[in-house]
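Protein sequence lines, in the order shown, are assigned to chains A and B.
In terms of the numbering used here, the numbers along the first sequence are unbroken and rise by one, the last being 270.
In terms of the numbering used here, the numbers along the second sequence are unbroken and rise by one, the last being 270.
Have a look at the structure below, then the notes.
Protein chains: 2
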Amino acid sequence: MTKNKNNGNGLQKTVFAKLYADLRRGRYKPGEQLSGRGLAKDMGASLTPVRESIQRLEALGAIEITKTGSLRIPKLSTAEIEQLYNLRMLVEGQAAAEAAEKATPETIQILEEIEEQAAKAFANRELGQISTLNEKFHMQLYQLSNNKPLLDTINMLWLRSGPLLPAIYAFYQVITNHLENSSEAENFHHTVLNALRERNPETARKATQADIRDGLKMYKSLAVDLKQAMGGLTGGADPKCD
Amino acid sequence: MTKNKNNGNGLQKTVFAKLYADLRRGRYKPGEQLSGRGLAKDMGASLTPVRESIQRLEALGAIEITKTGSLRIPKLSTAEIEQLYNLRMLVEGQAAAEAAEKATPETIQILEEIEEQAAKAFANRELGQISTLNEKFHMQLYQLSNNKPLLDTINMLWLRSGPLLPAIYAFYQVITNHLENSSEAENFHHTVLNALRERNPETARKATQADIRDGLKMYKSLAVDLKQAMGGLTGGADPKCD
DNA sequence: TACATATTTTCGTTATCACAAAAAAATTCT
DNA sequence: AGAATTTTTTTGTGATAACGAAAATATGTA
C-alpha cells in the first residue's frame with residue numbers, strides 16, 4: 029500500500045519504469061505469476077496504468093499473458109536461452125563494432141572509468157555492483173553506435189534475459205570464491221577498450237561476442253551442476269501450460 | 029461507427045491485430061497523427077482496448093507518443109532507415125542461414141509454391157499480390173529457423189518499416205513498367221531456394237541480405253528522384269518536433 | 001488583412017464500476 | 001480421509017465518467 033508520489037509526469041510511465049527495472053535486474057523468476065491488481069496495490073496506482081504497462085511488457089516478450097488472461101514471467105527452454113544468447117552475440121557484436129568506429133577519446137574514457145569501478149567491485153566481491161557496472165559498461169558501449177533500432181533490439185534482449193541473471197550471478201559467486209584470478213571475466217572488456225582505441229571494429233565485435241558467450245557458458249554450467257545435484261533450477265512454478 | 033462484432037475472444041486482441049496489420053502493410057504514413065478516441069470510434073470499441081494496443085505498438089517502436097501525449101507514426105531519418113535496413117540484413121540473414129540448416133523437402137516446397145504464385149503476380153503487374161507474397165516468402169523462410177527471439181525481432185523490424193512500403197512499391201511500379209526483365213528482383217529468392225536445397229547457410233544468408241539491400245536501394249533511389257523533382261516525399265506532417 | 005486573445009472542442013490520463021470467467025476455499029458426499 | 005461439488009474470492013476485460021491540458025476554432029483588435 030506504500031503510496032507512490034505521483035510526480036505529475038505520467039503515472040503510467042512511473043509504473044512501467046518500475047516493472048521494467050525489476051524485470052531487467054532479475055527481480056522476478058521465470059514462471060513466476062503476477063496479478064494486475066496486486067501490482068496496482070503495490071504501487072499505489074489504479075489498474076489502468078498497470079494494465080497498460082503490462083501490455084507493453086508483453087509486446088517486448090518480458091511477460092506472458094496466457095489464454096485465460098493470467099500473467100507470468102516466461103520460462104525459457106534451453107533452446108530458447110541459447111537462441112537468445114546467440115542473437116545477443118549477433119546484435120551486440122554489431123553494436124560494439126559500430127561503437128569502435130565512432131568512439132572518441134572522451135567516450136572511451138567514460139568506459140574506462142566504469143571498468144575501473146568494476147575492477148574495485150570485483151576485488152571486493154560486491155556482486156550487485158559488479159552486475160550494475162557490467163550492464164553500465166555494455167550499454168554505454170552500445171550507445172556509441174548511435175543506432176536506435178539496434179539499441180532498441182538489444183534492450184529488448186536484455187529485458188528478456190533479466191530473469192536469468194540470478195542464476196548467472198549465483199554461478200559467478202561460486203567461481204569468484206574459488207578463483208583468485210580475476211583475469212578471465214574482465215579481459216573481454218579490456219579487449220573491447222583496446223579495440224576502441226585502435227578503431228578496430230572486428231576485434232570489438234569478437235570480444236563482445238566472447239563476453240556474451242561466456243555468460244551463457246556460466247549459465248549452462250550452473251544449470252548442469254544443479255541439475256545433477258537437485259532437480260533443475262529453472263526457477264518458478266510448475267511446468268503446467270495453457 | 030461500424031460496430032465490430034465482439035467475437036468474445038478478446039476485443040483488445042482484435043483491435044491490436046487490426047492496427048498491427050494496417051501499420052505493417054503501410055496503411056499509415058510516416059508523421060501521420062492518430063487519436064485514440066478516433067481509432068476507438070472507427071473500430072466500434074471503447075478507449076480501453078485501443079489504449080492498450082497503442083501501448084504495445086509504442087513499445088515495438090511502431091508509433092510514437094509525444095511528450096504531450098499525442099500519437100503519431102514515427103518519421104524516420106535517412107540514417108535511421110539505413111540502420112533499420114542494416115539490422116534487417118543482419119538478423120534476417122541469420123534467420124535464413126538457420127532456415128537452410130533445418131529445411132526439408134516439404135518446407136522447401138511450400139516456399140517454391142509461394143514463389144510460383146509470386147512469379148504469376150509479377151507477370152501480371154499485381155503490386156498488392158507481389159507485396160503480399162514477398163512478405164509471405166520471407167516469413168515462411170524465417171519461420172524455418174524455429175527461433176522465437178529472432179522471429180520476434182524480425183517482426184518488430186518489419187513493423188517499423190511498414191510505413192516505408194508505399195514508397196518502395198511506388199518505385200517498384202516505376203521500374204516494372206520500364207523493365208521487362210523480371211530477373212533481378214526475383215533472383216534472390218531463387219538463390220535462397222537453391223541454398224536451402226543444398227543446405228548451404230551462408231549462401232542463404234548472403235542472398236537474403238542482397239534482397240534486403242535491394243529494397244533499401246529502391247527506397248533511396250526513389251527518395252532521390254523525387255527530392256530533385258519536388259520537395260521530398262518522406263510522407264506526412266511537418267517537421268515540427270516535441 | 002494580419003495578429004493576438006478568448007472560447008470551445010478534442011484529447012490523453014486515471015480511477016472506478018459492472019460483468020464473467022477463473023482460481024481458491026469450503027463443503028458435502030462416499 | 002479422500003474426491004467431487006458448491007461457494008466464495010480473486011482476476012482480467014471492457015465501458016464510462018471526471019479532470020486538466022492541448023489543439024482548434026472563433027473572436028476581437030491593430
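Beta carbons are placed, not taken as given, at the ideal position from N, Cα and C, and that holds for glycine.
Contact set for residue i: own chain, Cβ-Cβ below 6 Å, skip 5 residues either direction
i        : result
A:Ala146 : Leu161
A:Leu62  : Leu99
B:Glu86  : Ile93
B:Gln40  : Pro77 and Glu80
A:Thr231 : Ala223
A:Arg233 : Gly121, Ala124 and Ala125
B:Ser210 : In this prediction, B:Ser210 scores a pLDDT of 47, lower than 50, which makes its location untrustworthy; no coordinate-derived value is stated.
B:Arg116 : Leu185 and Ile240
B:Leu172 : Ala127, Lys130, Ala131 and Thr135
is_contact[residue i, chain B] using C-beta, thresh 7 Å
i        : result
A:Leu88  : yes
A:Thr181 : yes
A:Leu115 : yes
A:Glu80  : yes
A:Leu155 : no
A:Leu172 : no
A:Leu193 : no
Unbroken alpha helix (DSSP H) run spanning residue i, endpoints
i        : result
A:Leu47  : Leu39 to Arg52
B:Pro133 : Pro133 to Ala151
A:Asn162 : Leu155 to Gln171
A:Ala127 : Thr106 to Lys130
B:Lys103 : That residue, B:Lys103, is in no alpha helix (DSSP H); it is neither H nor E in DSSP.
B:Gly190 : Segment: none, B:Gly190 is in no alpha helix (DSSP H) and carries neither H nor E.
B:Lys69  : Gly64 to Met71
B:Glu80  : Leu75 to Ala87
7 Å Cβ cutoff, residue i in contact with chain A
i        : result
B:Glu129 : no
B:Pro177 : yes
B:Gln83  : yes
B:Ser210 : Note that B:Ser210 scores 47 on pLDDT, short of 50, meaning its location in the model is unreliable; the coordinates nonetheless yield the value given after this. No, B:Ser210 does not count as interfacial toward chain A.
B:Leu112 : yes
B:Gln145 : no
B:Gln137 : no
Chain-ordered chain A contacts of residue i [CB-CB under 9 Å]
i        : result
B:Leu169 : Here the premise fails: no neighbours, minimum Cβ distance about 17 Å.
B:Val119 : Leu115, Leu118, Val119 and Thr181
B:Glu108 : Asn175, Lys176 and Pro177
Partners in chain A for residue i, counting only beta-carbon separations shorter than 8 Å
i        : result
B:Arg188 : Pro177
Contacts around residue i, its chain only, beta-carbon distance under 8 Å, and the 5 residues preceding and following it disregarded
i        : result
B:Ala198 : Leu250
A:Gly89  : Pro102, Met184, Leu187 and Arg188
B:Leu244 : Ile109, Glu110 and Tyr113
B:Leu51  : Leu85, Ala90, Ile91, Ile101, Leu187, Gly190 and Pro191
A:Ser159 : Arg53, Leu193 and Tyr197
A:Asn175 : Ala123 and Glu126
A:Leu179 : Ala123, Tyr170, Gln171 and Ser173
Nonlocal neighbours in the same chain, by C-beta distance under 7 Å from residue i, ignoring five residues either side
i        : result
B:Glu140 : Leu221
A:Ala235 : Phe216, Thr219, Val220 and Ala223
A:Ile182 : Val119, Glu120, Ala123 and Tyr170
A:Glu154 : none
Under 9 Å by beta carbon: chain B residues contacting residue i
i        : result
A:Gln237 : Those do not exist, as A:Gln237 stays about 13 Å from chain B at its closest Cβ, beyond 9 Å.
A:Leu185 : Pro177 and Thr181
So if I threshold CB-CB distances at 8 Å, which residues from the region 42-68 of chain A count as touching chain B? none
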